[in-house]
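Residue numbers (our numbering): 1267 to 1605.
The C-beta atom is built at its ideal place from N, Cα and C for all residues, glycine as well.
The structure displayed is predicted, hence computed values, not measured ones.
Following: one structure in structure tokens, then a few remarks.
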Ligand SMILES: [Zn+2]
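Spelled out as structure tokens, the structure:
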């Protein structure tokens, strides 16, 4: 996903200065939520460092050979390390680390800076990370590593401690809204809020609607009204077939649950439902049942579910255990209210 450069300008400005003054740390950790432009910034930085334009401020020019080859992954000095295609587990393997170390023994092809971009860096296995440690600490000349991650805590401490952490922040809602409007997107405010300030996520949402999430929400609510057998069936149907087929529907379901929780909290403190204004009865019911501690329990469960999905745990297992927490927490709230 190529995320446009909205927000985090100061971060990019600092990185540009560091490249131009030759003071860029050899191992950078780009951290922040998905859709903030971390990977796009890594590619941009490699272009800034390798661009041929005579005016430093005009780099990247987007015209020279390096600027054209880098985004295509065809520049010999800008190496992208993603998930190992020979593994089903979604990892960056020790075999990839060893191959990379071998590649780095050869001098850079061009005179410029060599960049190695790990994305997602948190997919590195412990063995893969251990194999890289010495190289991260003492890289070959003019070589920089960029570790891109939305889950920095999943990286070994030994890697984190050798890196300079660069944090990417969500874009302000008014700024993202204004940008979406310049792109001709209707309902820009709602999109900006749903995407929680992440431009990449905003672009992935369908403009003017959020069909996938609404369908997912209604199916989720139906399942929650049923008994355990209905909920098992829901998880089974949701996660049928190939991971690539169901992962979007599962993400929509988790987003829908997140929206319900946010609205329940908002209504509880006298605000209005933002995401689920069309089902006020359900939102008030959730608001009545869920005190802030109960919401926190569900938000934790939601975040665990996302982590487990990112670690390629079976979708059905993840959805089953998440539903169990939701049902338990909602019915505990109901009993509490009755007392
Ligand atoms: Zn250029």
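Inset, instruction - Return the chain-ordered list of same chain residues with a C-beta closer than 8 Å to the C-beta of residue 1550, the five sequence neighbours on each side being excluded. - result: Working through the chain shown from its first residue, we reach residue 1550 at position 284. Within the same chain, residue 1550 has close Cβ partners 1533.
Inset, instruction - Using beta-carbon positions only, say whether residue 1415 and residue 1395 come within less than 9 Å of one another. - result: To locate residue 1415, count along the chain shown from 1; it is residue 149. To locate residue 1395, count along the chain shown from 1; it is residue 129. In this structure, residue 1395 does not lie closer than 9 Å to residue 1415 by Cβ.
Legend entry - Contiguous beta strand (DSSP E) assignments of at least 3 residues, all confined to the segment 1390 to 1463: 1409 to 1415 and 1430 to 1433
Legend entry - Backbone CA spacing between residue 1526 and residue 1379 [nearest angstrom]: Position 260 of the chain shown, counting from 1, holds the residue named residue 1526. Position 113 of the chain shown, counting from 1, holds the residue named residue 1379. The straight-line gap from Cα to Cα measures roughly 48 Å.
Inset, instruction - Please name the residue, chosen from 1531, 1567, 1311 and 1422, that lies closest to residue 1391 on a Cα-to-Cα basis. - result: Stepping through the chain shown from its first residue, residue 1391 is reached at position 125. Of 1531, 1567, 1311 and 1422, the residue nearest in Cα terms is 1422.
Legend entry - Under 9 Å between C-beta atoms of residue 1462 and residue 1272: Translated into positions along the chain shown, residue 1462 becomes position 196. Translated into positions along the chain shown, residue 1272 becomes position 6. Not closer than 9 Å, so no.
Inset, instruction - Put residue 1297 into one of helix, strand or coil per three-state DSSP. - result: Position 31 of the chain shown holds residue 1297. Looking at residue 1297 - three-state DSSP - the assignment turns out to be strand.
Legend entry - Cβ contact check for the segment 1430 to 1439 and the segment 1502 to 1512: 3 or more pairs under 8 Å: no
Inset, instruction - Starting from the Cα of residue 1407, find the closest Cα among 1600, 1496 and 1382 and give me that residue. - result: The count along the chain shown starts at 1 and reaches residue 1407 at position 141. Here the closest residue by C-alpha is 1382.
Inset, instruction - Please determine if the segment 1321 to 1338 and the segment 1363 to 1372 are in contact, where contact requires at least 3 C-beta pairs separated by less than 8 Å. - result: no
Inset, instruction - Determine the closest residue to residue 1482 out of 1357, 1303 and 1520, with distance taken between C-alpha atoms. - result: What you label residue 1482 is simply residue 216 of the chain shown in a count that begins at 1. For residue 1482, the nearest C-alpha among the options comes from 1520.
Legend entry - Buried versus exposed call for residue 1315 [16 or more other C-beta atoms within 10 Å across all chains shown]: Reading the chain shown from its first residue, position 49 is the one you call residue 1315. That one is buried.
Legend entry - Within 9 Å, strictly: CB atoms of residue 1568 and residue 1410: Translated into the one-based positions of the chain shown, residue 1568 becomes position 302. Translated into the one-based positions of the chain shown, residue 1410 becomes position 144. In this structure, residue 1410 does not lie closer than 9 Å to residue 1568 by Cβ.
Inset, instruction - With hydrogens ignored, establish whether the beta-carbon of residue 1385 is closer than 8 Å to any heavy atom of ligand 1. - result: Here residue 1385 corresponds to residue number 119 of the chain shown, with the count starting at 1. False, no ligand heavy atom lies under 8 Å from that Cβ.
Legend entry - Beta-ladder partner(s) of residue 1358, from DSSP: Taking the first residue of the chain shown as 1, we reach residue 1358 at position 92. 1390.
Legend entry - Cutoff 8 Å; reference residue 1303; Cβ partners in own chain excluding five residues on either side: Working through the chain shown from its first residue, we reach residue 1303 at position 37. Closer than 8 Å at the Cβ level, and outside the excluded window around residue 1303, lie 1269, 1270, 1271, 1272, 1273, 1274, 1434, 1465 and 1466.
Inset, instruction - Spatial neighbours of residue 1455 within its chain, please: CB distance less than 6 Å, with the 5 preceding and 5 following residues excluded, ordered by chain position. - result: For this step, residue 1455 is matched to residue 189 along the chain shown. These residues qualify, in order along the chain: 1443.
Inset, instruction - Starting from the N-terminal end, write out each residue whose C-beta falls within a distance shorter than 7 Å of any non-hydrogen atom of ligand 1. - result: 1313, 1317, 1318, 1319, 1325, 1326, 1327, 1328, 1329, 1330, 1332 and 1333
Legend entry - Other residues of its chain near residue 1561: CB distance less than 6 Å, five sequence neighbours each side excluded: Here residue 1561 refers to the residue found at position 295 when the chain shown is read from its first residue. Excluding residues within five positions, the ones whose Cβ falls inside 6 Å are 1527 and 1531.
Inset, instruction - Helix, strand or coil for residue 1479, going by three-state DSSP, please let me know. - result: Locating residue 1479 in the chain shown gives position 213, counting from the first residue. Three-state DSSP puts residue 1479 in a helix.
Legend entry - Closest residue to residue 1586 among 1489, 1363 and 1347 (Cα-Cα distance): As a first step, residue 1586 is located in the chain shown; it is residue number 320 there, counting from the start. The candidate whose alpha carbon is nearest that of residue 1586 is 1489.
Legend entry - Cβ shell of residue 1398 (< 6 Å), same chain only, five flanking positions each side left out: As a position in the chain shown, residue 1398 is number 132, starting the count at 1. Closer than 6 Å at the Cβ level, and outside the excluded window around residue 1398, lie 1363.
Inset, instruction - Quick one: grab the DSSP three-state call for residue 1382. - result: Residue 1382 sits at position 116 when you count from the first residue of the chain shown. Here residue 1382 sits in strand by DSSP.
Legend entry - For residue 1526, three-class secondary structure by DSSP: As a working mapping, residue 1526 is identified with position 260 in the chain shown. Helix.
Legend entry - Those residues which DSSP pairs with residue 1347 across a bridge: Position 81 of the chain shown holds residue 1347. DSSP, once it has assigned bridges, lists 1384 as partnering residue 1347.
Inset, instruction - Give the DSSP-derived three-state secondary structure of residue 1498 in the structure shown. - result: Mapped onto the chain shown, residue 1498 falls at position 232. DSSP places residue 1498 in helix when its eight states are reduced to three.
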